[in-house]
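Everything on this sheet refers to the single structure shown next.
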DNA sequence: TTGGAATTTTGATATAAGTCAAGGTGAATT
DNA sequence: AATTCACCTTGACTTATATCAAAATTCCAA
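Have a look at this one:
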């Protein structure tokens, strides 16, 4: 139990709740463990609760008939996922799978809905969470529809640099294949773009460590720019 | 004032609220009128409230540097829009523009947040609304990333048929150019695909009226299928 | 440490969809 | 009825990215 409340206390979703409230949530949360690559839920499956990553890394994704995959989110400790069916529908709109060995908390729907009804700050937090998701999807749609792959990659690198608080270099938390799927492309294409961007001196690639050699050039590319031959 | 509460009463967002509550909301809502083509808000603009379509048609969209446009939603009477900044950020993530002469209600942020705090059913409705949006974006991302334009069009036609409750034919509420932008393509491409689909006997196009001649063929195409030459 | 699988890269080729340009159609306005 | 303008269509061409195949590299686990 101790372990659960520690995770809940670092979860932004529960910010502003009292110690007691957190205990109450601890009471309804259930531990679940997944191996690397294991499915957590599948698109279309009936949901009876949602999840919070306690430890590890989880991807939310769609797949096409032909087997191509599009990653929608990658979540780490403190991130909730699978909440959509709690508030609408009741079936998951996408698949969730553990990218590495992971520990997640499962929050049963009914108990949570009861909780939310008399904790306005919890519902405001959840509204904030869903709004952030909508914002993010907005960007993802813009990227897929209005930008080419090099721009998407540049945007992502800039985003990572900000997130990791280091303008010099970033470290990929995922494989390049998974990055391709996140950017809406395939590994071959991503690889070629890495090569081109390196040739132009925009970046230097050393395994999972990427040096951002020309931040302005990257900004430029992210905005609209074409990647020269 | 009479007019406002009639609109509020048909707005799903306010379902389950008492007559009094609706009156209270009427009190804080402000009428706004827009001409065809007029901007309602722009991406990045500071928001101090959200909107509900009372009458007319509004598009939410992003544009690229080069001027290509991607429509995210098209809303009609009873649909709320621009709520994201109410709960996160405070800037609009996209643009809104009236597609036809429109009447919208503006709900100031603060008054609405106060209202939501002590009306659990209102916050549940809003959570439901945002969840539906997330669901829809999920589909849109899937379409853009994993399906080709003919499949997207077929999906859209099937969706329209369901919405309009007629399996035989559907009527476009928007121009073909706008439809192209909604599907993430350009008018030329859409036009060619209409031509091809007509040649295969899948549909027949008569201006804004589209006859679905081969529902199974369309289902097939929507799922994954390729459009033959 | 080595063998084998997974991941990444490179090359040759195919293709869906975008661009540019020119007509055509139809509906509204004068 | 004539004119204009927005919308739609068609054609020739270009291009970004996917596909298929194979080689190279990296990563683990035996």
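Residue numbers (the working numbering), protein chains in the order written: chain C, 1 to 229; chain D, 1001 to 1229.
For each residue, glycine too, the CB sits at the ideal point set by N, CA and C.
Keep in mind it's a predicted model, so treat the numbers as computed, not measured.
Item                                                                                                                                                                                       : Value
What did DSSP end up calling residue 1101 of chain D once you bin it into helix, strand or coil?                                                                                           : coil
What does the Cβ neighbour count give for residue 90 of chain C, buried or exposed, with the cut at 16 atoms within 10 Å?                                                                  : exposed
Determine whether the Cβ of residue 186 of chain C lies closer than 8 Å to any Cβ atom of chain D.                                                                                         : no
What residues of chain D sit near residue 12 of chain C, judged by a beta carbon separation below 8 Å?                                                                                     : Chain D residues near residue 12 of chain C: none, gap ~11 Å exceeds 8 Å.
Given residue 1033 of chain D, which residues of its chain have a CB within under 6 Å of its CB, disregarding the five upstream and five downstream residues?                              : 1103
Going along the chain, which residues of its own chain have a beta-carbon closer than 7 Å to the beta-carbon of residue 231 of chain C, five neighbours each way excluded?                 : Nothing can be reported for residue 231 of chain C, as the shown portion of chain C is limited to 1 through 229.
Pairs of beta-carbons, one from the segment 1066 to 1084 of chain D and one from the segment 1180 to 1194 of chain D, closer than 8 Å: are there three or more?                            : yes
Which residues in chain D sit within 9 Å of residue 66 of chain C, going by Cβ to Cβ distance?                                                                                             : 1146, 1224
So what does residue 70 of chain C bridge to, in DSSP terms?                                                                                                                               : C/62
Closer than 8 Å is the cut-off here; do at least three beta carbon pairs connect the segment 152 to 163 of chain C with the segment 1110 to 1117 of chain D?                               : no
Could you work out which residues of chain C lie near residue 1135 of chain D, taking near to mean beta carbons separated by less than 7 Å?                                                : 84, 88, 89, 93
So which residues of chain C does residue 1217 of chain D contact, with C-beta pairs closer than 8 Å?                                                                                      : Per Cβ cutoff of 8 Å: no residues; residue 1217 of chain D is ~16 Å from chain C at best.
Just the Cα atoms here: how many angstroms apart are residue 110 of chain C and residue 45 of chain C?                                                                                     : 17 Å
Contact criterion: CB-CB distance below 8 Å. Does residue 1117 of chain D meet it with respect to chain C?                                                                                 : yes
So the candidates are D/1086, D/1195, D/1150; which of them puts its Cα closest to the Cα of residue 1219 of chain D?                                                                      : D/1150
Excluding the five sequence neighbours on either side, which residues of its own chain have a C-beta within less than 6 Å of the C-beta of residue 1019 of chain D, listed in chain order? : none
Please report the straight-line C-alpha distance between residue 145 of chain C and residue 1189 of chain D, rounded to a whole angstrom.                                                  : 14 Å
Give the residues of chain D in contact with residue 123 of chain C, contact being defined as C-beta atoms less than 9 Å apart.                                                            : 1116, 1117, 1120, 1123, 1124, 1126, 1127
Between the Cα of residue 1137 of chain D and those of C/94, C/30, C/27, spot the shortest distance and give me the residue it belongs to.                                                 : C/94
What residues in its chain sit with their C-beta under 7 Å from that of residue 85 of chain C, if we drop five residues either side in the sequence?                                       : 47, 91, 92
Counting only beta-carbon atoms, is residue 1138 of chain D nearer than 8 Å to chain C?                                                                                                    : yes
Quick check on DSSP: helix, strand or coil for residue 49 of chain C?                                                                                                                      : strand
Residue 1132 of chain D versus chain C: which residues are under 9 Å apart at the beta carbon?                                                                                             : 84, 87, 88, 89
Taking DSSP as the reference, what is the three-state secondary structure of residue 1040 of chain D?                                                                                      : strand
With a threshold of 8 Å between beta-carbons, can residue 1163 of chain D be considered close to chain C, or not?                                                                          : no
Could you spell out the range, first to last residue, of the alpha helix (DSSP H) harbouring residue 1182 of chain D?                                                                      : 1176 to 1183
Closer than 8 Å by beta-carbon distance: list the chain C residues that pair up with residue 1070 of chain D, in chain order.                                                              : 141, 142, 145, 146
For residue 176 of chain C, would you say it is in contact with chain D, using Cβ-to-Cβ distances shorter than 8 Å as the test?                                                            : no
Considering only their Cβ atoms, is the gap separating residue 37 of chain C from residue 98 of chain C smaller than 8 Å?                                                                  : yes
By the three-class DSSP mapping on this structure, what secondary structure does residue 11 of chain C have?                                                                               : coil
To which residues of the same chain is residue 1031 of chain D closer than 6 Å at the C-beta, ignoring the five residues directly before and after it?                                     : none
Hey, quick one: how far does the beta strand (DSSP E) through residue 1212 of chain D stretch, first residue to last?                                                                      : 1209 to 1212
Under 8 Å between beta-carbons, which chain C residues line up against residue 1059 of chain D? List them in chain order, please.                                                          : Per Cβ cutoff of 8 Å: no residues; residue 1059 of chain D is ~14 Å from chain C at best.
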